[in-house]
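Right, one structure below, let's go through it.
Residue numbers (this note's numbering): 24 to 279.
In structure tokens, the structure reads:
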């Protein structure tokens with residue numbers, strides 16, 4: 024059964040914003056994982072947008088590693104005002120003359136979350152994530168939106184205090200969909216657009232884009248045969264990728 028999905032309050036489209044010193048190298052790397060290029064431009068900075076129709080990624084050209092969960096909205100000023108009423112403090116706000124308004128705040132564990140005025144031509148991905156798939160189809164790779172990497176499951180986010188983090192994420196419109204105590208305290212939350220996994224764990228200390236597949240062992244073998252670079256094996260069906268822009272991707276197998 025597909026869970027009850029909340030209605031987002033932060034925006035109409037969600038993406039991951041990732042800084043990269045080389046737009047083409049990053050776009051090419053993600054294309055090997057089942058993504059395609061949608062758009063590119065040089066305003067207000069050089070950027071490339073890619074998607075696998077489950078996840079939308081905005082690469083922007085910059086030297087220092089950066090990742091943000093970004094919401095695009097028709098009225099960024101209004102959304103930011105509502106967040107301020109809830110006690111959210113911004114680490115970046117736009118100048119009054121900026122054509123595209125951008126606000127940035129952070130989770131208790133320093134994950135960047137941004138609210139941006141939506142530019143013309145941006146759209147939501149048209150495919151399914153694990154959140155919107157029928158769980159009966161998890162074991163059927165033919166039903167995956169991304170046939171190369173599998174099902175987008177979550178942005179895995181390590182946290183110091185799961186309960187404190189849940190309070191924060193609920194304040195900005197997320198709902199706990201599932202919660203566990205083993206192998207450590209963790210939970211999956213969504214606001215109907217973004218999917219975040221909060222992990223009170225010392226197993227990893229960075230956010231990671233996470234994909235799951237029943238046939239992940241086969242997918243990993245094929246990716247290696249095609250020259251995949253920048254990975255660490257975590258068993259025959261699990262690898263951790265370090266991307267050209269120094270972000271991380273988990274490709275994890277799941278039992279059939």
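Every residue gets a Cβ at the ideal spot worked out from N, C-alpha and C, and that includes glycine. As the structure is a computational prediction, the values presented were derived from the model and not from experiment.
Residue environment, residue i, which counts as buried when at least 16 other CB atoms sit within 10 Å
{"i": "residue 270", "result": "buried"}
{"i": "residue 104", "result": "exposed"}
{"i": "residue 177", "result": "buried"}
{"i": "residue 260", "result": "buried"}
{"i": "residue 213", "result": "buried"}
{"i": "residue 289", "result": "Here the chain comprises residues numbered 24 to 279, so residue 289 is not present and cannot be evaluated."}
{"i": "residue 159", "result": "exposed"}
{"i": "residue 156", "result": "buried"}
{"i": "residue 211", "result": "buried"}
{"i": "residue 272", "result": "buried"}
{"i": "residue 296", "result": "Nothing can be reported for residue 296: it is not among the residues displayed for the chain, which extend from 24 to 279."}
{"i": "residue 153", "result": "buried"}
{"i": "residue 66", "result": "exposed"}
{"i": "residue 268", "result": "buried"}
{"i": "residue 197", "result": "buried"}
{"i": "residue 242", "result": "buried"}
{"i": "residue 24", "result": "With a pLDDT of 45 at residue 24, under the threshold of 50, the modelled position of this residue cannot be trusted; read the value that follows with caution. It is exposed - the Cβ of residue 24 has fewer than 16 other Cβ atoms within 10 Å."}
{"i": "residue 204", "result": "exposed"}
{"i": "residue 258", "result": "exposed"}
Beta-carbon proximity check, residue i vs residue j, cutoff 7 Å
{"i": "residue 150", "j": "residue 76", "result": "yes"}
{"i": "residue 222", "j": "residue 209", "result": "yes"}
{"i": "residue 78", "j": "residue 175", "result": "yes"}
{"i": "residue 49", "j": "residue 40", "result": "no"}
{"i": "residue 138", "j": "residue 102", "result": "yes"}
{"i": "residue 89", "j": "residue 266", "result": "no"}
{"i": "residue 109", "j": "residue 240", "result": "no"}
{"i": "residue 127", "j": "residue 180", "result": "no"}
{"i": "residue 119", "j": "residue 100", "result": "no"}
{"i": "residue 207", "j": "residue 224", "result": "yes"}
{"i": "residue 162", "j": "residue 237", "result": "yes"}
{"i": "residue 253", "j": "residue 246", "result": "no"}
{"i": "residue 82", "j": "residue 46", "result": "yes"}
{"i": "residue 216", "j": "residue 29", "result": "no"}
Spatial neighbours of residue i in its chain, beta-carbon cut-off 8 Å, leaving aside the 5 residues before and after
{"i": "residue 129", "result": "114, 135 and 136"}
{"i": "residue 170", "result": "57 and 164"}
{"i": "residue 59", "result": "73, 74 and 75"}
{"i": "residue 183", "result": "131, 132 and 223"}
{"i": "residue 112", "result": "128"}
Limits of the unbroken beta strand (DSSP E) element including residue i
{"i": "residue 177", "result": "174–181"}
{"i": "residue 140", "result": "135–140"}
{"i": "residue 219", "result": "218–222"}
{"i": "residue 106", "result": "No beta strand (DSSP E) contains residue 106, which is instead part of the alpha helix (DSSP H) from 99–108."}
{"i": "residue 93", "result": "90–96"}
{"i": "residue 28", "result": "Per DSSP, residue 28 belongs to no beta strand (DSSP E) and is neither H nor E."}
{"i": "residue 234", "result": "231–236"}
Element boundaries [alpha helix (DSSP H), containing residue i]
{"i": "residue 191", "result": "185–194"}
{"i": "residue 57", "result": "That residue, residue 57, is in no alpha helix (DSSP H); it is neither H nor E in DSSP."}
{"i": "residue 40", "result": "First-last for residue 40: 36–43, but that is the beta strand (DSSP E), not the alpha helix (DSSP H)."}
{"i": "residue 32", "result": "Neither: residue 32 is in no alpha helix (DSSP H) and is coded neither H nor E."}
{"i": "residue 241", "result": "239–248"}
Closer than 7 Å to chain B by CB, residue i
{"i": "residue 212", "result": "Among the chains of the structure shown, chain B does not appear; only one protein chain is present."}
Contacts around residue i, its chain only, beta-carbon distance under 6 Å, and the 5 residues preceding and following it disregarded
{"i": "residue 94", "result": "33, 34, 37 and 138"}
{"i": "residue 256", "result": "262"}
{"i": "residue 293", "result": "Examination of residue 293 is not possible in this model, given that the chain is present from 24 through 279 alone."}
Beta-carbon contacts of residue i that lie in its chain and below 7 Å, excluding the five residues immediately before and after
{"i": "residue 279", "result": "Summary for residue 279: the model assigns pLDDT 40, below 50, so the residue's position carries little reliability; its value from the coordinates is reported in the next sentence. The answer, listed in chain order, is 162 and 237."}
{"i": "residue 276", "result": "236, 239, 240, 260 and 261"}
{"i": "residue 201", "result": "210 and 211"}
{"i": "residue 228", "result": "181"}
{"i": "residue 61", "result": "72, 73 and 74"}
Bridge-paired residues (DSSP) for residue i
{"i": "residue 210", "result": "202 and 221"}
{"i": "residue 63", "result": "71"}
{"i": "residue 261", "result": "275"}
{"i": "residue 81", "result": "40 and 72"}
{"i": "residue 129", "result": "135"}
{"i": "residue 115", "result": "127"}
{"i": "residue 256", "result": "262"}
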